[in-house]
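Asker:
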Amino acid sequence: MGTWNVIPVTTADYRRLAEKRLPRFLFDYIDGGSGDEISMGRNVSDLREIRLEQRVMRDVAEVTTRSTLMGEPVAMPLALAPVGLAGMYRRRGEAQAARGANRAGVPFATSTVGICPVDEVAGAAATPPWFQLYMLRDRGIVHAMLDRASQAGCTTLVFTVDLPVTGKRYRDDRNGMLGGGLRGKLAKAWQLASRPRWLWDVGIHGKPHDFGNLRGVVSGVNDLNAFKTFIDSQFDPSVTWSDIEQVRKRWKGKLLVKGVMCAEDAISALNSGADGVVVSNHGGRQIDGVASTISKLPVVAEAVDRRAEVYLDSGIRSGTDVVKAVALGANGVLIGRPWAYALAARGEQGVVDLLEVLRLEMANTMALMGVNRLQDLKPGMLETRGVCT
Ligand code: FNR
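Taking my numbering, the leading residue of the sequence shown gets 109, the next gets one more, and so forth.
1) How many whole angstroms separate the CB atoms of M296 and F133, which I take to be in contact at a CB cut-off of 8 Å?
2) Measure from the alpha carbon of V214 to the alpha carbon of each residue in G143, P237 and T220, then state which is nearest.
3) So V191 and G444 are supposed to be a Cβ contact under 8 Å. How far apart are they, rounded?
4) Do the segment 182–198 and the segment 307–325 touch if we need at least three Cβ pairs shorter than 8 Å?
5) Which word fits R493, buried or exposed, when buried means at least 16 other C-beta atoms lie within 10 angstroms of its C-beta?
6) Between F267, G231, P181 and D421, which has its C-alpha nearest A205's C-alpha?
7) Looking only at DSSP bridge pairs, what is A217 linked to?
8) Just verifying my parser: in three-state terms, what is the DSSP assignment at V63?
9) What are the residues that DSSP puts in a beta bridge with E127?
10) By Cβ distance below 8 Å, which residues in the same chain neighbour P225 in space, the five residues on each side in sequence not counted?
11) Which residues share a DSSP beta bridge with Y449?
12) If you draw a straight line from the C-alpha of G458 to the C-alpha of R425, how long is it?
13) Going by the DSSP bridge assignment, what does A83 pair with across the sheet?
14) Exposed or buried, D144, counting other C-beta atoms within 10 Å across all chains shown (16 or more means buried)?
15) What are the boundary residues of the beta strand (DSSP E) that includes F343?
16) Here's the rule I'm using: 16 or more other beta-carbon atoms within 10 Å means buried, otherwise exposed. How should R414 be labelled?
17) What is the rounded straight-line gap between the Cα of D167 and the Cα of G478?
18) Kindly indicate which three-state DSSP category V266 falls into: helix, strand or coil?
19) Taking 6 Å as the cut-off, does the CB of P190 come closer than this to any heavy atom belonging to the ligand FNR?
20) Under a Cβ-count criterion, where at least 16 other Cβ atoms within 10 Å of its own Cβ denotes burial, should V164 be classed as buried or exposed?
21) Mapping the DSSP letters down to three states, classify V117 as helix, strand or coil.
22) Give the straight-line distance between the Cα atoms of K366 and N113, rounded to the nearest whole angstrom.
23) Start and end of the beta strand (DSSP E) containing K362?
So this is what it looks like as structure tokens:
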């Protein structure tokens, strides 16, 4: 893969195209993880280690991937995870991805630190996005964002709890992504100059380049130093479960707590009023050395015991991965990097095409396992030796 006339199909294909299209510091920001990227790699490799049962002669003429997530009907049990800065990957990227997700019949979650403000994203597609919240020290800003999301029609809030501080991401340091002094500035200028298609699409036609949900609070993305100062001063490391209870009181819609990796935290989330939890290690971008998410899914699903919905993200790259997660007790999955690569590579249409590949692969895998409905996928159909705890 890699020439202009080959059709991208898999996540890996879109990744390669994204690498060609984006300035290096933006590609690495998406593609990288924290530390030595051990957890990032393990999320993917543990999913690949799990083996599926092949069953035959079972009448699989009626396979369907349809389901519901947070009460919404979906074409498959998958949502687009919140990914910051998407409007820097493609012109007005969050709006394009939201339209793509909508066309494919799955939810799109828009990030606190997106480029397009939540109302622009909501206006771009027939179904409003889910809204992702990071807790900021200034609760006035938080409340204003929640009100704006609710006015834009968002019905699900994704509260991300695994970022009291930002993980150490060395690729970003090397690229001068945040700061880096004069050398960092020169390196970025060089990378920008070598990507003319990106410059035309995003650099010139993708403005304004600011954090739409934080307009007036933090300056544009062209000043990433100011963004770093904002994160260091505003992301609140003192957050506890009682803060979620306050958000719960203010937010009338569904609440999904994203970033739990053990049974106790999942129970605390439920006790704070969550309607669901996302088993996530932020795509291996926070603690390096933490377990893979798929290895922790069974214990979390068992603790939640169907009292709330359980989702999994981090490492999902194919429709077969989604089948594995559902069989191990997930109501659905979120994907982060896969849609970011597809958006960077081919815009809205890239997102639609990738999602269709994932959906068809899910249906195909289910048929070859002898299963027509998602509810019939069970842990006993998998071999998870050496992966799940
Ligand atoms: C993220 N993630 C993330 N999560 C969140 O709650 N708010 C955010 O703004 C971001 N930003 C962000 C940027 C980029 C470039 C990536 C790759 C990820 C984490 C994201 O929602 C999700 O948990 C992971 O991406 C899932 O892992 P995979 O699918 O990328 O392996």
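Positions of the beta carbon are idealized from the N, C-alpha and C atoms, including for glycine.
Answerer: The answer reads as follows:
1) Reading the sequence as shown, one finds Lys at residue 296 and not Met. Cβ atoms of K296 and F133 come within 8 Å of each other, at about 6 Å.
2) P237
3) Right, their Cβ atoms sit about 5 Å apart.
4) With contact defined as three or more Cβ pairs closer than 8 Å, the segment 182–198 and the segment 307–325 are in contact.
5) Exposed is the call here.
6) G231
7) W238
8) Here the chain covers residues 109 to 497 and nothing more, so residue 63 does not appear.
9) Answer is none; E127 lacks a bridge partner.
10) R256, G320, N321 and R323
11) Partner(s): none; Y449 has no beta bridge.
12) 15 Å
13) Nothing can be reported for residue 83: it is not among the residues displayed for the chain, which extend from 109 to 497.
14) exposed
15) Taken as a continuous stretch (DSSP letters only), F343 belongs to no beta strand (DSSP E), as it is neither H nor E.
16) exposed
17) 7 Å
18) strand
19) The closest heavy atom of the ligand FNR lies less than 6 Å from the beta carbon of P190.
20) Exposed is the call here.
21) Secondary structure at V117: coil, using DSSP grouped into helix, strand and coil.
22) 39 Å
23) K362 to V368
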